[in-house]
Amino acid sequence: MDLLKTNVSIPIGTDQMGAYFTRPAQPKGAIILIQEIFGVTPAMRAIADDLASAGYALVVPDIYWRLARDLDLGNGEDAAERQVAVDYSLRYDEVTGVADLAATADWLQAELAAQQRPVVFGFCLGGRMAVRLAAATPLSGMISMYGVGLNKLDDLIQAIQCPVQFHFGTNDNHNPVEVIQAVRDEVAKRARAEDEFHTYDGAEHAFFNRFRADRFSPGAHELARSRALRFVAGRIAEALPGDLA
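Position 183, counted from 1, in the sequence shown is what the working numbering calls 557; the numbers after and before it change by one each time, with no gaps.
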C-alpha cells in the first residue's frame with residue numbers, strides 16, 4: 375500500500391507541536407501513536423508506517439517539544455543516550471502533555487473529517503500517557519504497550535470511558551510481576567467485555583521494537599500486532615469520507 379508520509383505542525387495555543395503523519399489515501403480510521411522515552415525515532419516512525427499499511431492514519435506527536443524539538447535518542451542500547459532519555463522523561467510535564475495530546479486528537483479528527491474519535495496507542499512512557507489521555511478526553515479506544523507506572527494510575531484506569539487493551543512481557547524489567555498483576559486487577563474491576571489484557575511469556579520491555587536487537591521478540595510482536603489491529607478494527611467501524619491524497 376502506498377503511504378503519504380509527512381511532517382506536520384499541530385497548533386497548540388499560539389505555538390505549534392511537530393509530528394510525523396503517515397496514512398494511505400483513504401484511511402479507514404485514525405490512531406495517535408505515542409513514543410517511548412527516546413523521542414520520535416526511526417523505530418516509532420516504522421511502527422506508524424506499518425500500522426498505516428493496514429489502512430489507518432497515524433500521527434506521532436513530538437511530545438518533548440516543550441523541552442527540545444525533534445529529539446532522537448536512539449533505542450536504549452547506548453547507555454549515555456538512555457540516561458539522557460530518562461532525564462527527559464523525568465522532566466516531561468505529564469499534565470501539560472495530556473493537553474497537548476488532546477489537541478492532537480482534535481487535530482487528527484478534523485484533518486480526516488472523521489465522525490469517530492481516534493484510538494490512542496502508546497509504548498513505555500507513551501503507554502502511560504495513553505492511559506492519561508483516555509481518562510481525560512473521549513476516544514474510540516486505548517492501547518497501552520508495556521506502559522510504565524500504571525499501578526499508580528488505578529483511578530485513571532477506572533475513569534477511562536472507551537475500551538482498553540494492555541500488553542506486557544512477563545520479563546519486563548520496568549514492570550515486575552506485582553505491577554502487571556495490579557494493572558490486570560484494575561482492568562478486571564472495570565468489568566467491561568470489550569477490555570483486553572495480554573501478557574507474553576518471556577518477553578522483555580520493548581519487545582515490540584524491531585530496532586531493539588537485545589529486546590525484540592518476533593513471536594510476541596506478531597501476536598501483539600495482530601491483537602492491536604483487531605482491537606482497532608473493532609473500535610473504528612466507519613470508512614472515512616473522501617480521498618485524502
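Quick reminder that beta carbons are idealized off the backbone N, C-alpha and C, glycines included.
Since the model is a prediction, treat every value here as computed from it, not as a measurement.
*Quick one, which of W439, A399, V494 has its alpha-carbon nearest G392's?*
Mapped onto the sequence shown, residue 392 falls at position 18. Here the closest residue by C-alpha is W439.
*If you drop the 5 nearest sequence neighbours on each side, which residues of the same chain put their C-beta closer than 7 Å to that of D617?*
Walking along the sequence shown from the start, residue 617 turns up at place 243. Interpretation of D617 is limited by its pLDDT of 44, a score under 50 that renders its predicted location unreliable; the figure taken from the coordinates is listed afterwards. Excluding sequence neighbours, D617 sits near A399, Q400.
*Check the DSSP bridge columns for T396 and list the partner residues they point to.*
Mapped onto the sequence shown, residue 396 falls at position 22. BP columns for T396 point to K379, L432.
*Scan the segment 403-473 and note each continuous alpha helix (DSSP H) run of 4 residues or more that stays entirely inside, going in chain order.*
416-426, 453-465
*Sequence-distant residues of the same chain with beta carbon closer than 8 Å to N381, five excluded per side*: To locate residue 381, count along the sequence shown from 1; it is residue 7. Hits under 8 Å: G392, A393, Y394, F395.
_Whole angstroms are fine: how far does the CA of L475 sit from the CA of E485?_
Along the sequence shown, one-based indexing puts residue 485 at 111. Along the sequence shown, one-based indexing puts residue 475 at 101. A direct Cα-to-Cα measurement between E485 and L475 gives close to 15 Å.
*Note down, in chain order, each residue of its chain lying with its Cβ closer than 6 Å to the Cβ of A580, except the 5 sequence neighbours on either side.*
By one-based count along the sequence shown, residue 580 stands at place 206. So the qualifying residues of the chain are R586, R589.
*State yes or no: is the C-beta of A594 within less than 7 Å of the C-beta of Y574?*
By one-based count along the sequence shown, residue 594 stands at place 220. By one-based count along the sequence shown, residue 574 stands at place 200. Taking a C-beta distance under 7 Å as the contact criterion, A594 and Y574 qualify as a contact pair.
_Beta-carbon proximity of Q409 to G521, cut-off 7 Å_ = Numbered from its first residue, the sequence shown carries residue 409 at position 35. Numbered from its first residue, the sequence shown carries residue 521 at position 147. Not closer than 7 Å, so no.
*In angstroms with no decimal places, state the Cα-to-Cα distance between G576 and D389.*
Start at 1 with the first residue of the sequence shown, and residue 576 comes out as number 202. Start at 1 with the first residue of the sequence shown, and residue 389 comes out as number 15. Each residue's Cα considered, the two are about 44 Å apart.
*Under the DSSP definition of a beta bridge, which residues are partnered with E570?*
To locate residue 570, count along the sequence shown from 1; it is residue 196. In DSSP, E570 forms a bridge with Q539.
*Straight-line gap, E612 to K402 (C-alpha atoms, nearest Å)*: If you number the sequence shown from 1, residue 612 lands on position 238. If you number the sequence shown from 1, residue 402 lands on position 28. Any reading at E612 must be qualified, since the residue scores a pLDDT of 43, below 50, and its modelled position is unreliable; the value itself is stated next. When rounded, the distance between both Cα atoms is 7 Å.
*Counting only runs of 3+ residues fully inside the segment 488-519, write out the beta strand (DSSP E) ranges in chain order.*
493-497, 515-519
*By Cβ distance, which residues of its chain are closer than 6 Å to V606, with the 5 residues on each side in sequence left out?*
Position 232 of the sequence shown, counted from the start, is the residue given in the question as residue 606. These residues qualify, in order along the chain: V493.
*Under 7 Å Cβ to Cβ from I384, same chain only, skipping five residues before and after it: list those, please.*
By 1-based counting over the sequence shown, the position of residue 384 is 10. Here the set comprises Q390, M391, A393, P435, A477, T478, W481.
*According to DSSP, residues forming a beta bridge with P385*: In the sequence shown, residue 385 corresponds to position 11, counting from 1. DSSP output for P385 lists Q390 as bridge partner(s).
*Can you give the beta carbon distance from M503 to E455, rounded, assuming they're within the 8 Å contact cut?*
Sequence index remark: in the sequence shown, residue 503 carries index 129 (1-based). Sequence index remark: in the sequence shown, residue 455 carries index 81 (1-based). Not quite, the Cβ-Cβ distance comes to about 21 Å (not below 8 Å), so this is no contact.
*For D452 and L603, the rounded distance between their alpha carbons*: Looking up residue 603 in the sequence shown gives position 229. Looking up residue 452 in the sequence shown gives position 78. If I take the Cα positions, the gap works out to 31 Å.
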